[in-house]
Amino acid sequence: MGAEKRIKQAKGVYALFILIKKDISVKVGALGVIKFRKGSYVYIGSAQKGIKGRIMRHMRRKKKKFWHIDYLLAQRPVEIEKIICKEAKKEEECKLARALTKFGEPIRGFGCSDCYCESHLFRIKEQYVSGGIDVF
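Mapping of the sequence shown onto the working numbering: residues -17 to 118, in sequence order.
Written as structure tokens, this is what we have:
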């Protein structure tokens, strides 16, 4: 089986490394308006029906807004800088989100309406932006 077909069929978790180029306020569905400070963020998600499709969806600015991350990624001063994927079960998503708490500030309630995590989006502390984050 070719690499592209394996990626398309792969189920797992992913991290989106996001840059917000200026301070913005975004209405994020039922969470209401959230103020995002300029800086680097990491979002942890899962794709149990296929990582490739989910990542391709995240890359599009125009789409029906369904997940919290859709509202943020639709904003002009927001860019996905890097994506890391891993084949894993859904439970790994929350494990990774908990691990990120030592690297950044959680955006309370973001991306975690289906679990008990504090957040799945974190504003990364400056010392980790260039030094790297190793949670995978």
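Glycine included, every Cβ here is placed at the ideal spot set by N, Cα and C. The structure presented is a predicted model; accordingly, all values stated were derived computationally and were not measured.
CA-to-CA distance, residue j to residue i, given in whole angstroms
| i | j | result |
| --- | --- | --- |
| serine 101 | alanine 79 | 7 Å |
| aspartate 5 | isoleucine 16 | 11 Å |
| alanine -3 | cysteine 67 | 7 Å |
| lysine 47 | tyrosine 110 | 30 Å |
| glutamine -9 | glutamate 108 | 35 Å |
| glutamine 30 | lysine 77 | 16 Å |
| glutamate 61 | isoleucine 2 | 7 Å |
| tyrosine 98 | arginine 90 | 11 Å |
CB of residue i within 8 Å of CB of residue j, strictly
| i | j | result |
| --- | --- | --- |
| serine 43 | alanine 56 | It is worth fixing the name first, because residue 43 is arginine in this sequence and not serine. Going by C-beta atoms, arginine 43 is nearer than 8 Å to alanine 56. |
| phenylalanine 104 | valine 24 | yes |
| lysine 9 | tyrosine 53 | yes |
| isoleucine 37 | isoleucine 65 | yes |
| serine 28 | glutamate 69 | no |
| isoleucine 33 | glycine 93 | no |
| phenylalanine -1 | glutamate 73 | no |
Buried versus exposed, by CB contacts within 10 Å (16 or more), residue i
| i | result |
| --- | --- |
| serine 22 | buried |
| proline 88 | buried |
| glycine 86 | buried |
CB contact below 8 Å: residue i versus chain D
| i | result |
| --- | --- |
| glutamate 75 | Here there is only one protein chain, and chain D is not present. |
Bridge-paired residues (DSSP) for residue i
| i | result |
| --- | --- |
| valine 8 | Ile16 |
| alanine 29 | Gly(-6) |
Q | Secondary structure, beta strand (DSSP E): runs of 3+ residues fully inside the segment 48 to 118 | A | Listed in chain order, the complete beta strand (DSSP E) runs (minimum 3 residues) inside the segment 48 to 118 are 60 to 69, 86 to 88 and 103 to 106.
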